[in-house]
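Q:
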Amino acid sequence: MRIPDHVEVAIRRQAERGGTLNCYLYDTAPMREKIAHLKSIMPAGVEVFYAMKANPHSAFLQAAREAGAAGIEIASLGEAEKAEAAGFAPRQLIYTGPGKSPEELRWSVAQGIRTVHIESLLEAHRLDCICAELRREQDVLLRINANFDIHEAQTTFSGGSKKFGVDEEKLDALLPELLALEHLNFRGLHVYAASGVLNVDDLLKNCRLVFDMAQKIEAEHPDVVCDTIDFGGGFGIDYLEAGKEFDPGAYAEGLAEMIDDYGFDGRTFFLELGRYLAADSGWFCSEILDIKESRGKKQVVCAGGINHFRRPAALAINHPLAIVRMARPPLFDGQELVHDEKVYFGGPLCTGADKLANDIHIDDAAVGDIAVFGYAGAYGLTMSNIEFLSHHRPEEIVLS
Ligand SMILES: Cc1ncc(COP(=O)(O)O)c(C=O)c1O
Numbered sequence: 038m039r040i041p042d043h044v045e046v047a048i049r050r051q052a053e054r055g056g057t058l059n060c061y062l063y064d065t066a067p068m069r070e071k072i073a074h075l076k077s078i079m080p081a082g083v084e085v086f087y088a089m090k091a092n093p094h095s096a097f098l099q100a101a102r103e104a105g106a107a108g109i110e111i112a113s114l115g116e117a118e119k120a121e122a123a124g125f126a127p128r129q130l131i132y133t134g135p136g137k138s139p140e141e142l143r144w145s146v147a148q149g150i151r152t153v154h155i156e157s158l159l160e161a162h163r164l165d166c167i168c169a170e171l172r173r174e175q176d177v178l179l180r181i182n183a184n185f186d187i188h189e190a191q192t193t194f195s196g197g198s199k200k201f202g203v204d205e206e207k208l209d210a211l212l213p214e215l216l217a218l219e220h221l222n223f224r225g226l227h228v229y230a231a232s233g234v235l236n237v238d239d240l241l242k243n244c245r246l247v248f249d250m251a252q253k254i255e256a257e258h259p260d261v262v263c264d265t266i267d268f269g270g271g272f273g274i275d276y277l278e279a280g281k282e283f284d285p286g287a288y289a290e291g292l293a294e295m296i297d298d299y300g301f302d303g304r305t306f307f308l309e310l311g312r313y314l315a316a317d318s319g320w321f322c323s324e325i326l327d328i329k330e331s332r333g334k335k336q337v338v339c340a341g342g343i344n345h346f347r348r349p350a351a352l353a354i355n356h357p358l359a360i361v362r363m364a365r366p367p368l369f370d371g372q373e374l375v376h377d378e379k380v381y382f383g384g385p386l387c388t389g390a391d392k393l394a395n396d397i398h399i400d401d402a403a404v405g406d407i408a409v410f411g412y413a414g415a416y417g418l419t420m421s422n423i424e425f426l427s428h429h430r431p432e433e434i435v436l437s
C-alpha cells in the first residue's frame with residue numbers, strides 16, 4: 038500500500054505534537070468522488086443511499102449529503118439521530134435491520150421516514166398497530182431471505198437459515214397477510230445478498246433474482262406493483278490489493294440492460310452502500326510500542342488493537358499495511374527491529390484475539406514507527422471493542 042502524501046504529512050504533524058500516536062485519519066474526498074461517479078453512471082431510477090453503519094462519523098454523513106446521496110440507510114434510532122443532525126430529512130431515511138423496537142418503529146412513523154423494511158410478519162403487525170394508533174400510513178419494503186448465497190463473499194445476508202428478512206419460500210403464504218394490513222403501503226422488495234462482493238456478475242445475479250420475484254408477485258397479485266426494489270449494499274473492496282477492484286461501470290451496464298429486459302423502466306431502485314463508499318477514506322494509524330522475537334516470529338505490539346480496529350481479526354484478513362518511519366533512537370543496544378520478514382501485529386489487549394495482522398511482510402520497522410492500516414474508513418472504529426480494557430478512544434482526525 039502506498040500512503041498518500043497528504044496523509045503521511047498529517048501523520049508526521051500528529052507525531053510532532055508528542056504523546057503516543059493512535060488515531061484514525063479521514064479524508065472523505067474518495068467517498069465524495071465515488072458517490073458523484075455512481076450517480077453519473079447508474080441507470081435512471083437508481084438512488085444511492087449511504088449505509089452509515091460503515092462509518093457514522095459526521096464527516097462521512099456530511100460527505101454523503103454534500104455529494105448528493107439520496108439519503109441514509111439507518112439501522113437504529115441512534116443512527117437516525119446522527120443522520121438528522123447531519124442535515125438529512127426524515128424522508129431521506131430508509132430503515133432496515135431485524136429487531137426494530139416498538140419505540141424505533143413509532144419514531145419512524147411519527148417522523149414520516151421514507152420506507153421501513155419489514156423483516157418479519159411480526160414486525161409488519163407491530164408496525165401496523167403503531168400506524169393505527171398514530172393514524173398514519175407507512176410505506177414498506179419486504180425484505181426477502183433469498184434462496185441463494187454468494188459463497189465467496191466476506192459476509193452473506195441471504196441463503197440458508199437467517200435472521201434477516203423472510204424466507205423466499207414463505208413469500209406466497211405471507212404476502213397476502215402483509216397486503217391486508219390496512220396502514221402499510223407495500224412498495225416492493227429488498228434483497229441483500231452479501232457484503233464485500235468483488236464479482237459484478239454475482240451481484241447482478243441477485244438483481245435478476247429480485248426482478249423475477251417482483252414479476253411473479255405482480256402476476257399473482259394484479260393489484261400489486263413492486264415499484265421500489267432495494268438491492269442492499271455489497272460492492273466490495275479489494276483489501277488484498279490483488280487487482281480485483283469492483284467495477285461499478287459493468288454493474289451499471291448490466292443493471293440497465295436488465296431493467297430494459299424486464300420492462301421495469303420508471304421504477305425506483307435503491308442501493309445502500311457502506312464499505313465501497315467509505316473504506317478508502319480512512320486510515321488507522323497506530324504507534325509501534327514494542328517489538329520482540331518469540332519462538333521464531335517477531336511480535337509487533339501497537340498502541341491500539343481490536344479495541345480500536347477489530348475488522349482484521351473479525352474477518353480473519355490482513356488489511357493493507359504500510360509503515361511511516363520515525364527514526365526514533367533505540368532505548369538500548371540490541372533492541373529488536375523488523376527487517377524483510379513476515380511478522381505478527383497485535384495491540385495491547387490481554388487476549389490472543391487481539392490481532393491486527395499476521396504473517397504480513399514488512400521491509401523495515403522499529404519501535405516508534407507508525408503502522409498505517411488502509412481501507413479503514415469502513416467498519417473501523419464503529420465495529421471495534423472500544424470498551425475492552427478502557428484504553429482512551431482513538432482520535433478521529435478529519436483532513437477533508
Ligand atoms: C441492510 C444493510 N444494508 C446495507 C449494508 C451495507 O453493506 P456494504 O457495506 O457491504 O455495502 C449492510 C451491511 O451490513 C446491511 O446490513
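To convert, note that position 334 of the sequence shown is 371 in the working numbering; the numbers rise steadily by one, no gaps.
Beta carbons: idealized from backbone N, C-alpha and C, even for Gly.
For ligand 3, any of its heavy atoms closer than 6 Å to the Cβ of Ala-96?
A: Although ligand 3 was asked about, the structure shown includes only ligand 1 as ligands.
Q: Could you check whether Ala-350 and Ile-343 sit closer than 7 Å to each other, using their CB atoms as the reference points?
A: Looking up residue 343 in the sequence shown gives position 306. Looking up residue 350 in the sequence shown gives position 313. A contact, by the Cβ cut-off of 7 Å.
Q: For Val-380 versus Val-338, is the C-beta spacing smaller than 7 Å?
A: On the sequence shown, residue 380 is found 343 positions in, with the first residue counted as 1. On the sequence shown, residue 338 is found 301 positions in, with the first residue counted as 1. If you check the CB distance, Val-380 and Val-338 do not come in under 7 Å.
Q: Are there three or more Cβ pairs, one per stretch, closer than 8 Å when the segment 283-297 is compared with the segment 252-265?
A: no
Q: Is it the case that the Cβ atoms of Glu-432 and Cys-60 are separated by a distance below 7 Å?
A: In the sequence shown, residue 432 corresponds to position 395, counting from 1. In the sequence shown, residue 60 corresponds to position 23, counting from 1. Result yes, Cβ atoms of Glu-432 and Cys-60 sit closer than 7 Å.
Q: Hey, would you say the C-beta of Ser-145 is under 6 Å away from at least one heavy atom of ligand 1?
A: Locating residue 145 in the sequence shown gives position 108, where the first residue counts as 1. Outside the cutoff, so no.
Q: When you compare the CB positions of Asp-165 and Leu-114, do they come within less than 7 Å of one another, or not?
A: For this step, residue 165 is matched to residue 128 along the sequence shown. For this step, residue 114 is matched to residue 77 along the sequence shown. No; because the gap between Cβ atoms is not below 7 Å, this pair is not in contact.
Q: Given a cut-off of 7 Å on the beta-carbon distance, is the pair His-345 and Ser-421 in contact?
A: Here residue 345 refers to the residue found at position 308 when the sequence shown is read from its first residue. Here residue 421 refers to the residue found at position 384 when the sequence shown is read from its first residue. Yes; because the gap between Cβ atoms is below 7 Å, this pair is in contact.
Q: Is Thr-65 a contact residue of ligand 1, with contact defined as CB to any heavy atom under 6 Å?
A: Numbered from its first residue, the sequence shown carries residue 65 at position 28. At a cut-off of 6 Å, the beta-carbon of Thr-65 does not count as near ligand 1: no heavy atom of the ligand is closer than that.
Q: Does at least one heavy atom of ligand 1 sit under 6 Å from the Cβ of Gly-270?
A: On the sequence shown, position 233 is the one that residue 270 refers to. Within the cutoff, so yes.
Q: Of the residues Phe-283, Gly-269, Asp-317, Asp-327, which one's Cα is nearest the Cα of Phe-306?
A: The count along the sequence shown starts at 1 and reaches residue 306 at position 269. Measuring from the Cα of Phe-306, the nearest candidate turns out to be Gly-269.
Q: 7 Å is my cut-off, CB to CB: does Leu-178 come that close to chain B?
A: Absent from the structure: chain B. Only one protein chain is present.
Q: From which residue to which residue does the beta strand (DSSP E) around Gly-108 run?
A: Indexing the sequence shown from 1 puts residue 108 at position 71. First-last of the beta strand (DSSP E) with Gly-108: 108-111.
Q: State the DSSP-derived secondary structure class of His-154, mapped to helix, strand or coil.
A: Taking the first residue of the sequence shown as 1, we reach residue 154 at position 117. In the structure shown, His-154 sits in a strand (DSSP, three-state: E or B).
Q: What residue range is occupied by the uninterrupted alpha helix (DSSP H) comprising Ala-230?
A: Numbered from 1 along the sequence shown, position 193 holds the residue referred to as residue 230. Taken as a continuous stretch (DSSP letters only), Ala-230 belongs to no alpha helix (DSSP H), as it is neither H nor E.
Q: Would you say the beta carbon of Ser-232 is closer than 6 Å to some non-hydrogen atom of ligand 1?
A: Start at 1 with the first residue of the sequence shown, and residue 232 comes out as number 195. Yes, ligand 1 has a heavy atom inside 6 Å of this Cβ.
Q: Please state the DSSP three-state secondary structure of Thr-305.
A: Locating residue 305 in the sequence shown gives position 268, counting from the first residue. In the three-state reduction of the DSSP assignment, Thr-305 falls in the strand class, which pools E and B.
Q: Residue range of the beta strand (DSSP E) that Lys-379 falls in?
A: As a first step, residue 379 is located in the sequence shown; it is residue number 342 there, counting from the start. Element bounds for Lys-379: 375-383.
Q: Would you say the beta carbon of Leu-310 comes nearer than 6 Å to a heavy atom of ligand 1?
A: As a working note, residue 310 is residue 273 in the sequence shown. Leu-310 Cβ: within cutoff of ligand 1.
Q: Report the rounded CA-to-CA distance for Ala-289 versus Arg-362, giving the unit in angstroms.
A: On the sequence shown, residue 289 is found 252 positions in, with the first residue counted as 1. On the sequence shown, residue 362 is found 325 positions in, with the first residue counted as 1. If you take the alpha carbons of Ala-289 and Arg-362, they lie about 42 Å apart.
Q: Can you pull the DSSP bridge partners for Glu-433?
A: As a working note, residue 433 is residue 396 in the sequence shown. DSSP output for Glu-433 lists Tyr-61 as bridge partner(s).
Q: Ignore the nearest five residues each way along the sequence and tell me which others in Val-44's own chain have a CB closer than 8 Å to its CB.
A: Here residue 44 refers to the residue found at position 7 when the sequence shown is read from its first residue. Leu-62, Asp-64, Trp-320, Val-409, Leu-436.
Q: If Lys-90 and Gly-311 are in contact, beta carbons under 8 Å, what's the gap, nearest whole angstrom?
A: For the purposes of this step, residue 90 is identified with residue 53 of the sequence shown, where counting begins at 1. For the purposes of this step, residue 311 is identified with residue 274 of the sequence shown, where counting begins at 1. Confirmed, about 6 Å.
Q: Measuring only the C-alpha atoms, how far is Lys-200 from Pro-213?
A: Start at 1 with the first residue of the sequence shown, and residue 200 comes out as number 163. Start at 1 with the first residue of the sequence shown, and residue 213 comes out as number 176. Using only the alpha carbons, I get a separation of about 21 Å.
Q: If you count every other CB in all the chains shown that lies within 10 Å of the CB of Ser-447, and 16 or more means buried, which is it?
A: The requested residue 447 is not part of the displayed model; the chain covers only 38 to 437.
Q: Val-237 to Asp-284, Cα distance in whole Å?
A: By one-based count along the sequence shown, residue 237 stands at place 200. By one-based count along the sequence shown, residue 284 stands at place 247. Whole-angstrom Cα-Cα distance: 7 Å.
Q: Between Gly-124 and Arg-151, which are expected to be in contact by the criterion C-beta below 8 Å, what is the C-beta distance as a whole number of angstroms?
A: If you number the sequence shown from 1, residue 124 lands on position 87. If you number the sequence shown from 1, residue 151 lands on position 114. Not a contact, Cβ separation roughly 16 Å.
Q: Bridge partners for Thr-265 per DSSP, in chain order?
A: Within the sequence shown, the letter at position 228 stands for residue 265. Beta-bridge pairing links Thr-265 to Gly-225, Thr-305.
Q: How would you call Asp-267, buried or exposed, if buried means at least 16 neighbouring beta carbons within 10 angstroms?
A: For the purposes of this step, residue 267 is taken as the residue at position 230 of the sequence shown. Around the beta carbon of Asp-267, 16 or more other beta carbons sit within 10 angstroms, so the residue counts as buried.
Q: Please confirm whether Glu-373 and Ile-423 have their CB atoms less than 7 Å apart.
A: Within the sequence shown, residue 373 is the residue found at index 336, counting from 1. Within the sequence shown, residue 423 is the residue found at index 386, counting from 1. Not in contact: Glu-373 and Ile-423 (Cβ atoms no closer than 7 Å).
Q: Does the Cβ of Glu-282 have 16 or more other Cβ atoms within 10 Å, making it buried, or fewer, making it exposed?
A: Position 245 of the sequence shown, counted from the first residue, corresponds to residue 282. Exposed.
Q: Measuring straight from C-alpha to C-alpha, what distance separates Asn-182 and Leu-358?
A: What you label residue 182 is simply residue 145 of the sequence shown in a count that begins at 1. What you label residue 358 is simply residue 321 of the sequence shown in a count that begins at 1. For Asn-182 and Leu-358, the distance between alpha carbons rounds to 36 Å.
Q: Starting from Gly-115 and walking both ways along the alpha helix (DSSP H), at which residues does that stretch end?
A: As a first step, residue 115 must be located in the sequence shown, where it is residue number 78. Per DSSP, Gly-115 belongs to the alpha helix (DSSP H) from 114-122.
Q: Which of helix, strand or coil does DSSP assign to Val-247?
A: Stepping through the sequence shown from its first residue, residue 247 is reached at position 210. Helix at Val-247.
Q: Pop quiz: Val-85 and Leu-308 are said to be a contact at Cβ under 8 Å. What is the actual Cβ separation, rounded to whole angstroms?
A: The residue you call residue 85 lines up with position 48 of the sequence shown. The residue you call residue 308 lines up with position 271 of the sequence shown. So it is a contact: roughly 5 Å between Cβ atoms.
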